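Chains as they are written, first to last, in numbering that gives the first Met the number 0: chain A, 0 to 119; chain B, 0 to 143.
Just so you know, even glycine gets a beta-carbon here, dropped at the ideal spot from N, CA and C.
Please read all numbers here as calculations on a predicted model, not as lab measurements.
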Amino acid sequence: MTWIYLLINITCGTIGDLLTAKGMSQGGELSDFGPRGLLRLIRYIFTYRLVLIGTICNALCFFSFMALLSVAEVSFVVPVTALGYVLKAFLAKWYLGEHVSWRRWMGACLVTLGVSLVLF
Amino acid sequence: MSIEADLTIRNAQLKNRIFIALVVFSNSVGNLLMGFAMERMPDFSRTPFLSYVLFVCTNIWLLLGVVLMIVYMIAQLSMFSWADLSYVLPVTASTYIFSALLSRFFLHETVSTVRWLGIALISFGVIFVAETPVREEETENVTG
């Protein structure tokens, strides 16, 4: 079960972040955070397909993480799922067409390594 | 650069920093509260479903945790509207640093040397990425 939960967690987490990032960047920069702006944002989340599917994937990622913690050690789960930082940087370049500079690669690698050590 | 353009960039930087702080704060405190609340919940497999739902709805720490997780989700989604995914994710990884500090000072957990080393590495990673423009394909843009 561990590997199935892990696969669901990494797949859903990656797809979720990619789709929400793509969907949100297509809607223009948000600048109104008053009640009206927030209502507009919530309506956008529920009506814009990319963001909605991405949010559902992120929810599945969250639940699979909880399930994963019930069958595996935290010291195994967190470093493996932290590899997502590098995977998402790669997909941000490949799928979203972002320019990922060496500083960002370096940052993603340092964060992944650091998250693995934080558990001790 | 004109004063108006300078002011626009400063406002964008300020908004970006406020949202980084909001994402980090809501995620780490939300996780802490949910962890704290779940320790006080009955065993799911041994409790009737309706009683469990009642426990969930009356657990103030869990409800506060859920509210903070919603704030985190909305703040992160908002950041995606002006910043790259490869910027937002590493920068908001400062959540791990803040969580470690919260557990050290509020839960009085001991933080080992290796853990401090991990925190230092994450901090370097965050600094590396925070120095890049929020959208890298544009030449003239806002740095975090």
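Pro41/B sits in coil when the DSSP states are folded into three classes, being neither helix nor strand. Considered as a whole, the stretch 73–109 of chain A harbours 73–81, 83–93 as its complete alpha helix (DSSP H) runs of no fewer than 4 residues, in chain order. Proximity of the stretch 42–56 of chain A to the stretch 95–103 of chain A falls short of the contact definition, fewer than three beta-carbon pairs being nearer than 8 Å. Distance between Thr111/A and Val85/A, taken at the CA atoms: about 7 Å. In terms of beta-carbon proximity, Arg103/A lines the interface with chain B, with at least one pair separated by less than 8 Å. Bounds of the alpha helix (DSSP H) holding Phe104/B are 93–104. In its chain, beyond the 5 residues on either side, Leu95 have a beta carbon closer than 7 Å to the beta carbon of Ala20/A. In terms of Cβ geometry, Leu82/A and Tyr4/A do not form a close pair [threshold 8 Å]. Neighbours of Ala107/A across chain B, judged by C-beta separation under 8 Å: Ser85, Leu88, Pro89, Gly124, Val128. Taking the Cα of Asn8/A as reference, the smallest distance to any Cα among Glu28/A, Leu51/A, Leu59/A, Arg35/A is reached at Leu59/A. Per DSSP, the continuous alpha helix (DSSP H) segment holding Met78/B begins and ends at 59–79. Using beta-carbon distances, Ile118/B counts as an interface residue toward chain A, with a partner under 8 Å.
Annotation: the continuous alpha helix (DSSP H) that includes Val128/B extends over 112–129. Met0/A carries a coil assignment under DSSP once its states are collapsed to helix, strand and coil.
Here Asp16/A carries a helix assignment [DSSP, helix/strand/coil]. DSSP, reduced to helix, strand and coil, places Leu31/B within a helical segment of the structure shown. DSSP places Pro47/B in the coil class of the three-state scheme, outside both helix and strand. When C-alpha distances from Ser25/B are compared across Arg39/B, Thr109/B, Leu101/B, Ile126/B, the shortest belongs to Leu101/B.
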